[in-house]
Amino acid sequence: MVDFDGAGSLLKTLGASVVALSVDDKETTQGLSDGLQLRTVKMLHSADMAEVSSLTGAYTEEARGILHATGFILTPGGKVAQACYSTGPIGRFTALDTMRIIRFVQQMRERQG
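Heads up: the sequence shown begins at -1 in my numbering, then just goes up one per residue.
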């Protein structure tokens, strides 16, 4: 998240914003956001692990009560342009990769437009 927060102004120039979703309660999520000193990444709290997994295919770890990192890059119309699913600490979008994908999607729309 810190990577995306640091790239917040560049992402904004591409018309993008970053939202993070947590199963943690409001206080725990706010504590994480404050601890990471996030300025541009919006963190949502109290997600239902089973429901999010059912809707998105995100991997869960029942024993720890967590959703593993799952990233989606959406088109302006809300369709998934790219997705990245992780089952552990490796395998996530980076801010740079995300900006490249967004720019590619924008260029494809311009060519088709």
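The beta-carbon is built from N, C-alpha and C at its ideal position, and this holds for glycine as well.
Leaving aside the five residues that flank residue 67 on each side, the residues in its chain whose CB is nearer than 6 Å to its CB run, in chain order, 84, 90.
With respect to the 8 Å criterion, residue 97 and residue 36 are not classified as neighbours on the basis of their beta carbons.
Residue 85 sits in coil when the DSSP states are folded into three classes, being neither helix nor strand. When DSSP states are grouped into helix, strand and coil, residue 63 belongs to the coil group. Cβ atoms of residue 34 and residue 17 stay farther apart than 8 Å, at about 15 Å.
Taking residue 11 as reference, the option from 87, 101, 76, 82 with the minimal CA-CA separation is 101. Following the DSSP letters along the chain, one finds residue 97 inside the alpha helix (DSSP H) bounded by residues 93 to 110. According to the DSSP assignment, residue 0 belongs to the alpha helix (DSSP H) that extends over 0 to 4. In the structure shown, the three-state DSSP call for residue 30 is helix.
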